[in-house]
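Notes to accompany the following structure.
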Amino acid sequence: MADLAGLPATVGDALSVVRARLAAAGVPDAAVDARVLAQSAFGGDRALLLTRRTTAPPPDAWADLLAMSDRRARGEPVSRILGLREFWSLPFRITRDTLDPRPDTETVISVVLDRLGARQDPLTLVDLGTGTGCILLALLSELPEARGIGIDRSAGAASVARDNARALGLSGRSRFMVGDWVTAVSADSVDIVVSNPPYIPSGTIDGLQREVARYDPRAALDGGTDGLRAYRDLVPGAAKVLRPGGLAVFEVGADQADPVERLMKGAGFNNLQKRLDFSGIPRCVSGQKTVGLPED
Ligand SMILES: C[S@@+](CC[C@H](N)C(=O)[O-])C[C@H]1O[C@@H](n2cnc3c(N)ncnc32)[C@H](O)[C@@H]1O
């Protein structure tokens, strides 16, 4: 509950108080986070906040801001406090059931679009481990003739993805299902498989930043002992459901591009490519299902 006895005289003072609280709690980028939370509490954008700097803060909004800053000081990311994350310049609702989408994952979108080039035919996409639906929905926003299915083992995540599709006006071309990877997808039926699976080695999760270790769902992070467990199912699964010549694009963790590339070669993918993320780390491995791949 907010301490209203300490109601600051102006919005500018309120912002300074919150900034100082976050900095004292060791929050990196305390000034940015304080501003974003203040925008949410007081309403409006950065410019409006500036114009209100000398006005008195409404007590309810100050109480909300204090409650949000307490959560941030305890390590909860701003995106989780607001329940919102921007990805590929689109707004996505996030909940405790979903991973908080990362900018690195935009590499998957770039790889798909670059490898498709000018193709605009009615492609079928499948996003395995869809979470908020961010990968599938970002791609559908760029490919107006395409349709897609997002699959997640978490019913909560599939429901959030459905809501995001509706909010973005993309529910007519997308479907979200609860399931285990490709189990419900027919063989040779899709043109593109994308996935950002859980890939953090189990033993390292507790040592990650508290923003990740405490707030992202463990099922979205845990890739088994060596981090590669999901790829051992996903790579042959993608080879099964793709049409010959179809494209698979997998996000990978640090040091995983080579082993995932080997798995893809072994499953009959060719034209393999690796793509670096903004930090110069190999972040995606992609390849095409060989035409005439023998049935197993
Ligand atoms: C790293 S998150 C990625 C979420 C989203 N695609 C993104 O990039 O933000 C991995 C997702 O895979 C889901 N998942 C884990 N195991 C799965 C399985 N066997 N079948 C389907 N989804 C699974 C998790 O629930 C989680 O939503």
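Going by my numbering, 839 is the number at position 116 of the sequence shown; the sequence numbering is gapless.
In this text, a Cβ means the ideal position worked out from N, Cα and C, and glycines have one as well.
Rounded Cβ spacing between residue i and residue j (contact assumed at less than 8 Å)
i     : j    : result
V1014 : P967 : 4 Å
V741  : A770 : Not quite, the Cβ-Cβ distance comes to about 19 Å (not below 8 Å), so this is no contact.
I915  : L846 : 6 Å
R797  : I804 : That pair is no contact at about 10 Å.
Y1067 : L986 : The question about residue 1067 has no answer here: the residues shown for the chain are numbered 724 through 1019.
R889  : F899 : So it is not a contact: roughly 11 Å between Cβ atoms.
Pair within 9 Å by beta-carbon distance, residue i and residue j
i     : j     : result
K1012 : A962  : yes
S925  : G947  : yes
A869  : L891  : no
E974  : T828  : yes
S909  : V964  : yes
F1001 : P826  : yes
T830  : A779  : no
Q979  : G1003 : no
D875  : G840  : no
L893  : S912  : no
A764  : W785  : yes
Selection from the options that minimises the alpha carbon distance to residue i
i     : options                     : result
G989  : L836, D978, A779 and D956   : D956
D787  : A757, L773, E809 and R808   : A757
F992  : V972, I1004, G1003 and P826 : V972
R896  : D914, T906, S912 and P867   : P867
L813  : R797, D837, L862 and D793   : L862
P921  : A936, V913, D911 and A907   : A936
G738  : Q843, P751 and L772         : The sequence as given places Leu at residue 738; Gly does not occur at that position. Nearest of Q843, P751 and L772 to L738, Cα basis: L772.
G806  : N887, F765 and D837         : N887
R838  : L970, R933 and Y954         : L970
R1107 : D949, G950, R933 and I928   : With the chain covering 724 to 1019 only, the question about residue 1107 has no answer from this structure.
R933  : G749, A743, D911 and P731   : G749
S802  : G852, I817 and D768         : I817
S1009 : V835, L944, L730 and R885   : V835
D736  : L860, T777, G873 and G976   : T777
R744  : G767, R1006 and A790        : A790
F815  : A880, G976, V905 and L851   : A880
D1065 : D981, A943 and A746         : Lying outside 724 to 1019, the shown extent of the chain, residue 1065 is not represented and no answer is given.
S882  : T906, A907, V905 and G852   : G852
P782  : L730, G766, D768 and D752   : L730
A907  : D844, W811 and G873         : G873
E809  : A977, D844 and L860         : L860
R952  : G930, V983, A977 and L931   : V983
W1021 : D844, I923, R1006 and D850  : With the chain running from 724 to 1019 in the structure shown, residue 1021 is simply not present.
S833  : W811, P751 and G766         : W811
I923  : G930, L931 and D945         : D945
is_contact[residue i, chain D] using C-beta, thresh 9 Å
i    : result
R885 : Of the protein chains in this structure there is only one, and it is not chain D.
Taking contact to mean 3 or more Cβ pairs, one atom from each stretch, closer than 8 Å, check whether the stretch 810-823 and the stretch 848-858 are in contact. yes
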